[in-house]
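Residue numbers (the working numbering): 655 to 1406.
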């Protein structure tokens, strides 16, 4: 079928009789749509994408059209209805282009004309967010998401309007919202933040579809500031949530590219928001390329957009789930629509890497564009090769010198052991107080977890889907992470204005050896007068049954402090070697503030031995923490959920090593995967592990040496604490034996 609605602005016709289509011209182009339309039924990824989209749209367009007056927060009827409207308009526009069915095009046209009546009547949302209210939604971010989809929908049905209808939609919908999100929202539009890039891209796509140079310039370089506007006057510029806004700094799309990504492609707010933000970054880039290729946007900053995609993929475990740093929601993975679009755009504009096709197969979707067509075609031609997750060290900050994150992987297999260490900058408003924090994955699972965010997006019963109070009182606090807590206080005393001034420092990183990989970093600002130095060594020697991770955490202080080192494990306790008492009659919170008020103290214990072991089971595999202890060491067994009257927190367990009244102290621990338990065969193997003993055999101001007895084989590890020169020759005598090595780290088995 073809559309029957008359329009005066028809596409121009070439001498051969074919239409010279100027629309669509954003991400999807007339050329790309023709490729898809002319190859229907040939490539399963395209056909599946169409059918997946078609079912939702067909059901939605049968319903009565509704343009409710905005009043609800996230999760409420008006919020969800306007969200459903923009998604359906976008999808219907795409289906109109590839299938040519008039019902899809006319639906989009009617919806846009309906919004042309509504939008001019709207003021700020009655439940608007304090520093970035929207019109249709509670926050301007959602208005930007609406406009991004609507601009593309309009692009797909451009030729269905009469000139008068088109002018009405242009002025009342697109121009109206483009102005509101730019000059009407300067504190968000000009902000270095994931919200800012969404607004920039929304206005940019609107500018390109309207051929409006004013909107395009704002999108690329920032909006002029009018302090007389209502939205400007209602903002408290001391609000810490506005971290990243500076009214005197150049702004816009280029600023976001320059500041939010490190040279390695790491997004400063973390992988969850890298996934969220890569969509507008890529949409805007493709619109620029399609409308002004002379800019060469995909070459900008040494192909930063390509790096952004590959880095996002590396910031996931082998099941595709993103590591939940900062305000992240668990369960998000690389099959999300944002990564699907980013992959198709990168595949189109760079080197058609066949590894990306492996990811595309798992995504099982493509976008309707030239890139999506290429991906679907090449997948069908069996050009995919396995995607490789690798060990990597990623710098943070625009210059790449504001700390970073390291990922150590035991190999390319899907059940690899994966150790993560964060030594980043704060991460703007979504950052957590988690310097030198760790997370551990193995066998397809989280083993030591990052909590992520306390939020239930779009669930209206959970405070409208917004961030919950526990996001501040628990999730952001240091005790919620696998890193050091001093005197039950969070790093930087939980002050974002202080934390944002500092980042941890890389000491060294080495993934060049087959037998081990090491990441080491220092943090000297999180707690006044305290120097923290943490090193993770993943030992992957072939003589081991399984690789394990050695954790050396050195703390120096002139004063005595209580030191807590939590391990937020996932699983069920199988064995504890230290004497402990369990609270069987009444539970008490572990503390009264800084996150401690949310932990139930289930039990505590001490040991008379020089080490202690704590074993749990996760998905059929055992894990043991072996840690060095002394008479001042106390072990705490906790579970999350205290002081949580709305049940907003997950009841997750934790194991905390507490060192009382400590000045200089070194935590030395090993996390070892071992053995198995078969539920169907009821067979258990190696429940105790291979680590027999762990001890510090030498320590002074410059070195620490650790011996590990692995079954009958002794492993010695030596770490230089103050010299990270990889070329430096070291010579150290321990127990009358001389050890010589090069660089800051040495590992040797007794038999070597």
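The C-beta atom is built at its ideal place from N, Cα and C for all residues, glycine as well.
- In this model, residue 1060 and residue 829 are separated by some 44 Å (Cα to Cα).
- Within the model, the alpha-carbon separation for residue 1248 versus residue 1298 is close to 14 Å.
- According to DSSP, residue 1185 shares a beta bridge with 1210.
- Here the alpha carbons of residue 1180 and residue 1356 stand approximately 22 Å from one another.
- Between residue 1077 and residue 1090, the CB-CB gap stays under 8 Å.
- Taking each of 1399, 1230, 1135, 695 in turn and checking the Cα distance to residue 981, the smallest one comes out for 1135.
- Looking from the CA of residue 938, the closest CA among 809, 852, 1399 belongs to 852.
- Residue 840 and residue 1222 have their alpha carbons spaced roughly 41 Å apart.
- Residue 844 and residue 879 have their alpha carbons spaced roughly 9 Å apart.
- Proximity to residue 1368 across 1376, 1374, 1359 peaks at 1359, based on C-alpha coordinates.
- Here residue 928 has 921, 966 as same chain residues with Cβ atoms under 6 Å from its own Cβ, once five neighbours each way along the sequence are excluded.
- By the neighbour-count criterion, in which 16 or more other beta carbons inside 10 Å mark a residue as buried, residue 687 falls on the buried side.
- Residues 988, 989, 993, 994, 997 of the same chain have their beta carbon placed closer than 8 Å to that of residue 1017, with the five preceding and five following residues left out of the count.
- In this structure, residue 728 and residue 1112 form a Cβ contact; the two beta carbons are roughly 6 Å apart against a cut-off of 8 Å.
- Separation of the CB atoms of residue 1064 and residue 1071 is rounded to 4 Å, and the pair is thereby assigned contact status at 8 Å.
- Shown here, residue 1242 sits in a strand according to DSSP, grouped into three states.
- Cβ contact annotation for residue 915 (same chain, cutoff 7 Å, sequence separation greater than five): 921, 958, 962, in chain order.
- Below 8 Å, too few C-beta pairs join the stretch 1327-1337 and the stretch 1162-1173 to call them touching: fewer than three.
- Residue 1308 is bridged by DSSP to 1292.
- With 16 or more other CB atoms across the displayed protein chains lying within 10 angstroms of its CB, residue 820 is buried.
- Beta-bridge annotation (DSSP): residue 1271 is paired with 1226, 1276.
- A direct Cα-to-Cα measurement between residue 1158 and residue 1069 gives close to 30 Å.
- In the structure shown, the three-state DSSP call for residue 923 is coil.
- Counting along the chain, residue 850 sits inside no beta strand (DSSP E); it lies in the alpha helix (DSSP H) bounded by residues 848-864.
- For residue 912, the enclosing alpha helix (DSSP H) covers residues 907-914.
- In terms of Cα proximity to residue 935, the closest of 975, 847, 719 is 847.
- Given a length threshold of 4 residues, each whole run of the alpha helix (DSSP H) inside the stretch 1102-1154 is given here in chain order: 1150-1153.
- Excluding its 5 nearest sequence neighbours in each direction, residue 912 has C-beta neighbours in its own chain below 8 Å: 955, 1052, listed in chain order.
- Contact check for residue 743 against residue 804 passes: the beta carbons are separated by less than 8 Å.
- Here residue 698 carries a helix assignment [DSSP, helix/strand/coil].
- Taking all protein chains in view, the Cβ of residue 1197 is surrounded by fewer than 16 other Cβ atoms within 10 Å, so the residue is classified as exposed.
- Per DSSP, the unbroken beta strand (DSSP E) holding residue 1346 starts and ends at 1345-1353.
- In this model, residue 715 and residue 781 are separated by some 28 Å (Cα to Cα).
- Taken atom to atom, the span from the alpha-carbon of residue 1110 to that of residue 1120 is near 7 Å.
- If you check the CB distance, residue 1084 and residue 924 come in under 8 Å.
- Positions of the beta strand (DSSP E) runs, each at least 3 residues long and wholly inside the stretch 1037-1073, are given as 1046-1049, 1058-1063 in order along the chain.
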